[in-house]
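Novice:
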Ligand SMILES: Nc1ncnc2c1ncn2[C@@H]1O[C@H](COP(=O)(O)OP(=O)(O)OP(=O)(O)O)[C@@H](O)[C@H]1O
Ligand SMILES: [Mg+2]
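Residue numbers (this note's numbering), protein chains in the order written: chain A, -4 to 280; chain B, 35 to 309.
Right, dumping it as structure tokens:
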């Protein structure tokens, strides 16, 4: 009797776990499958990568300008957000109990939850309106604001996971606190920090809202960060709204490219994590 | 008692009381974690170039006392020391403002080795490099420290491999080398061998005895046999059963403390009659 009940219960819970797995995986696989099947056609054309936009109806248009733009925008945002985020995160971990740290932490958490369109608007007011000119730089600024709290909090979290013994051992050698924090603790926390930075990059690469009225978009290939610049999410956004079939295809192609890009960054972060865990002798996970 | 006497043969030559000058003079030290008083009125004189052991049951404040000697307690918010610890008849450790200088003179080896996440060479070279020493001097320091820590022969062919790849005992000797690299005068060790197997433990003990020719060593140990084997002097501490602070019961040459304890509580403890 008892045994049967236990078995039935076991079966029931197992069933629940499978259901949960399907619920979690279904949207992901649907999105992937749909994007692949729709984006495939555009993404297989070499022109797609080699050309920028052409007037509607003229064949051979591509998203080269958007690819370059995304790389440049995210690159600039990373240069701004990652170093600052790491330093602030290290500071938070080091002065854990400080009243000031609590406020910074709270600000970071609020920022993570802030709608990205609001961040875009903020960047517009601060970096676009005064200059009467859309620019990639303002877009990068918006993306940096978006990335900053992620980098900051993951850095802090990674540092808190480092055994206290390491810190004590460093300080016991008569080394200044900040050197121990930056050169010893941060090195031990590197896997977590790298992962956090890459996740922030992946997040920034996929954002549309902060770019709408900052970087704005551009039909041609530009490198100058003072000019408006195209990005893959903007291509998706604009082209998907047009009634033209080939532009719609391009939107799907750009979406597929974006998904693949983010997937690669995510995988890279896992790889980095594993490699550095192995280096730190903490085994793989 | 007879049995213990047979086991314990302290390093007789070096254990002449009063033969060297005092390195650390502990004067009426009390210690608080917030409101909690962890140590009460401790006074003792730790002689230069000898091994001094701190023994006593768990929680009696051995680590706390040790961490006063290099001000590691500064890391614990709300902790406070009273009294004086005079280093070399000159500096008061409790009130000094030169923390970094103090910790360079008074090094520490912990129970867990905590290898830095870098190569064996870089582990030892880490502090010298940060101190801005020239390359040549760093190189010499690394080799000398590893030799002094009795690790050189085992690692000289793989200095580039990560420190974590070493065995527990080797890691502990690497920690000792790391500590020696900054030329300390005093080395504090908090149960340095308690996580090691007997062979590795013996190596560490052997090392302690040899290092005592040049350094002042203070070692916390749970293992009374170990105190008997390596320590010239031993301090026995106990927690006051009512007030719960730790106090010094007896301090003296290890031979005398083990063979002719003056205090009944010391005798109870070393003969194993203590709870
Ligand atoms: N960071 C701390 N905050 C508050 N109390 C502490 C702290 N560290 C130690 N104590 C307390 O101080 C007392 C002495 O602790 P200590 O670690 O010095 O003992 P010990 O003799 O080293 O013990 P063990 O042999 O178990 O290592 C204990 O009652 C302990 O609970
Ligand atoms: Mg202890």
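Don't be surprised by glycine CBs; every beta carbon is placed ideally from N, CA and C.
Computed from a predicted structure; not experimentally measured.
I want to see whether chain A comes within less than 7 Å of residue 172(B), judged by CB atoms only; does it?
Specialist: no
Novice: Is residue 97(B) near ligand 2, judged by its Cβ being under 6 Å from some heavy atom?
Specialist: Result yes, Cβ under 6 Å from ligand 2.
Novice: Identify the continuous alpha helix (DSSP H) that holds residue 61(A) and give its terminal residues.
Specialist: 59 to 89
Novice: List in chain order: all unbroken alpha helix (DSSP H) runs of 4+ residues lying wholly within the stretch 134 to 186 of chain A.
Specialist: 159 to 167
Novice: Give the interface partners of residue 208(B) over in chain A, defined as CB-CB distance under 8 Å, in chain order.
Specialist: By Cβ distance, chain A contributes nothing, its closest Cβ being about 11 Å from residue 208(B), past 8 Å.
Novice: Could you please give me the residues that DSSP links to residue 228(B) through a beta bridge?
Specialist: According to DSSP, residue 228(B) shares a beta bridge with no other residue.
Novice: Within the same chain, show all residues whose beta-carbon is closer than 6 Å to that of residue 136(A), passing over the 5 residues directly before and after it, in chain order.
Specialist: 118, 122
Novice: To the nearest angstrom, report how far apart residue 263(A) and residue 9(A) are at their CA atoms.
Specialist: 32 Å
Novice: Hey, quick one: how far does the beta strand (DSSP E) through residue 284(B) stretch, first residue to last?
Specialist: 280 to 287
Novice: Could you compute how far the alpha carbon of residue 265(B) sits from the alpha carbon of residue 197(B)?
Specialist: 29 Å
Novice: Rounded to the nearest angstrom, what separates residue 203(B) and residue 12(A) at their Cα positions?
Specialist: 45 Å
Novice: With a threshold of 7 Å between beta-carbons, can residue 216(B) be considered close to chain A, or not?
Specialist: yes
Novice: Is it buried or exposed for residue 120(A), if we count other Cβ within 10 angstroms and need 16 for buried?
Specialist: exposed
Novice: Looking only at its chain, what residues have a beta carbon closer than 7 Å to the beta carbon of residue 79(A), apart from the 5 residues adjacent to it on each side?
Specialist: 143
Novice: Go ahead and label residue 309(B) buried or exposed: buried means 16 or more other beta carbons lie within 10 angstroms of its beta carbon, across all protein chains shown.
Specialist: Annotation note: pLDDT 46 at residue 309(B) (below 50); position unreliable, coordinate value reported separately. Exposed.
Novice: Could you give the DSSP three-state label for residue 216(A): helix, strand or coil?
Specialist: coil
Novice: Give me the residue from 91(B), 57(B), 239(B) with the minimum Cα distance to residue 263(B).
Specialist: Selected option, being the one with the closest Cα: 239(B).
Novice: Give the DSSP-derived three-state secondary structure of residue 77(B) in the structure shown.
Specialist: strand
Novice: Which bits of chain A does residue 226(B) rub up against, with CB to CB less than 9 Å?
Specialist: Chain A residues near residue 226(B): none, gap ~13 Å exceeds 9 Å.
Novice: My guess is that residue 134(A) and residue 68(A) are in contact by the Cβ rule of under 8 Å, so how many angstroms apart are they, rounded?
Specialist: 5 Å
Novice: Just curious, the beta strand (DSSP E) that residue 141(B) is in, first and last residue?
Specialist: 140 to 143
Novice: As a quick exercise: from 40(A), 21(A), 7(A), 25(A), pick the residue whose alpha carbon is nearest that of residue 241(A).
Specialist: For the set 40(A), 21(A), 7(A), 25(A), the Cα lying nearest the Cα of residue 241(A) is the one of 40(A).
Novice: Please return the same chain residues whose Cβ sits closer than 7 Å to the Cβ of residue 55(A), not counting the five positions on each side in sequence.
Specialist: 42, 46, 49
Novice: Taking only heavy atoms of ligand 3 into account, decide whether any of them is closer than 6 Å to the Cβ of residue 124(B).
Specialist: Looking for ligand 3 in the displayed structure turns up nothing; the ligands present are ligand 1 and ligand 2.
Novice: Can you tell which of 100(B), 112(B), 58(B) has the C-alpha that lies nearest to the C-alpha of residue 69(B)?
Specialist: Out of 100(B), 112(B), 58(B), 112(B) has the C-alpha closest to the C-alpha of residue 69(B).
Novice: Residue 224(B) and residue 277(B): beta carbons closer than 7 Å?
Specialist: no
Novice: Whole beta strand (DSSP E) runs in the stretch 54 to 140 of chain B with 3 or more residues, listed along the chain?
Specialist: 56 to 67, 70 to 81, 85 to 89, 113 to 121
Novice: Closer than 7 Å, CB to CB, is residue 182(A) near chain B or not?
Specialist: yes
Novice: Which residue wins for smallest C-alpha separation from residue 259(B), given the options 221(B), 103(B), 306(B)?
Specialist: Closest option to residue 259(B), Cα to Cα, is 306(B).
Novice: Measuring only between beta-carbons, confirm whether residue 115(A) sits less than 7 Å from chain B.
Specialist: no
Novice: Measure how close the beta-carbons of residue 183(B) and residue 214(B) come, nearest whole angstrom, since I'm counting them as under 8 Å.
Specialist: 6 Å
Novice: Does the Cβ-Cβ distance between residue 269(B) and residue 88(B) come in under 7 Å?
Specialist: yes
Novice: Could you tell me the alpha carbon to alpha carbon distance between residue 251(A) and residue 34(A), rounded to whole angstroms?
Specialist: 6 Å
Novice: Flag this pair as touching only if the stretch 17 to 31 of chain A and the stretch 194 to 212 of chain A have three or more C-beta atom pairs under 8 Å; answer yes or no.
Specialist: no
Novice: What did DSSP end up calling residue 210(A) once you bin it into helix, strand or coil?
Specialist: coil
Novice: Closest to residue 57(B) by C-alpha separation, out of 221(B), 303(B), 298(B), would be which residue?
Specialist: 221(B)
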